[in-house]
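Structure first, commentary second.
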Amino acid sequence: DQQVKQNSPSLSVQEGRISILNCDYTNSMFDYFLWYKKYPAEGPTFLISISSIKDKNEDGRFTVFLNKSAKHLSLHIVPSQPGDSAVYFCAARRDSSYKLIFGSGTRLLVRP
Amino acid sequence: GAGVSQTPSNKVTEKGKYVELRCDPISGHTALYWYRQSLGQGPEFLIYFQGTGAADDSGLPNDRFFAVRPEGSVSTLKIQRTERGDSAVYLCASSQTGVGQPQHFGDGTRLSIL
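In order, the protein sequences belong to chains A and B.
Its first residue numbered 693, the first sequence is counted upward by one per residue in our numbering.
Its first residue numbered 1178, the second sequence is counted upward by one per residue in our numbering.
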């Protein structure tokens, strides 16, 4: 029973365009969501997060949107750069627990 | 270094052997986590320490897995009687305590059981 789902295993976009990565969750008790980026042979690197009391959080080229009614969040990267090519993981946690529940990841390729 | 350090980076051993994986968290981080990542999957929670004590070990798959953090800093994940299904990347993360504190991951130990 996967509580956090990333249904697109891969995404390819042109440099300079917008990348949109999607994530769905099933547990309405989740109150904090994070995005991590992972390069090969490295650990996941924290990118951006959002609390359930917000619907948008922005940090430079990265914006995360949360739609609680749809149990859906998305990560927007604009403009996309070749260095953004990596696997992106969505993660969620409950307030009562510190453990993160991860999706299976989306591999982003930004073409020059 | 300033990040989470994990050793060894790679470990190959035979089925049935005992292994220890080490994690050195970011200085000052009181919370420490172990995750396991299999190919094509996201990290899967194993255990969480707050200080020296295991606050949540609900992710440990069975009693062959054990972790310690005796002085509230370095942690060791121990696996007894290893099985081929234990092959995975074992990730350690640390964070400051508090809501909204992100977990920072090390590069992991790639464990291969032959």
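Where a beta carbon is used, it is the ideal one built from N, C-alpha and C, also for glycine.
Contact with chain A by residue i, beta-carbon distance below 8 Å
i       : result
B/A1208 : yes
B/F1282 : yes
B/Y1267 : no
B/Y1195 : no
B/G1236 : yes
B/F1222 : yes
Residue i in three-state terms, based on DSSP
i       : result
B/R1261 : helix
B/G1230 : strand
A/D723  : strand
A/D751  : strand
B/D1201 : strand
Nearest candidate by alpha-carbon position, reference residue i, set the options
i       : options                            : result
B/S1235 : B/A1244, B/L1223, B/T1229, B/G1228 : B/L1223
B/T1184 : B/Q1227, B/C1269, B/G1193, B/R1261 : B/C1269
B/G1219 : A/S741, A/P804, A/L792, A/V756     : A/L792
B/R1241 : B/Y1210, B/S1182, B/V1189, B/I1256 : B/I1256
A/Q698  : A/L801, A/L767, A/D776, A/S789     : A/L767
Neighbour flag for residue i against chain B, beta carbons, 8 Å
i      : result
A/L801 : no
A/S766 : no
A/Y717 : no
A/Y780 : no
Beta-bridge pairing of residue i - partner residues as DSSP gives them
i      : result
A/L767 : A/L713, A/V756
A/T798 : A/Y780
A/L703 : A/L800
Assumed close pair residue i, residue j - CB separation to whole angstroms, cut-off 8 Å
i       : j       : result
B/V1266 : B/T1253 : Wrong, their Cβ atoms sit about 17 Å apart, outside the cutoff.
A/S744  : B/P1279 : The Cβ separation is near 16 Å, so there is no contact.
B/L1198 : B/S1271 : Not confirmed; about 15 Å, so no contact.
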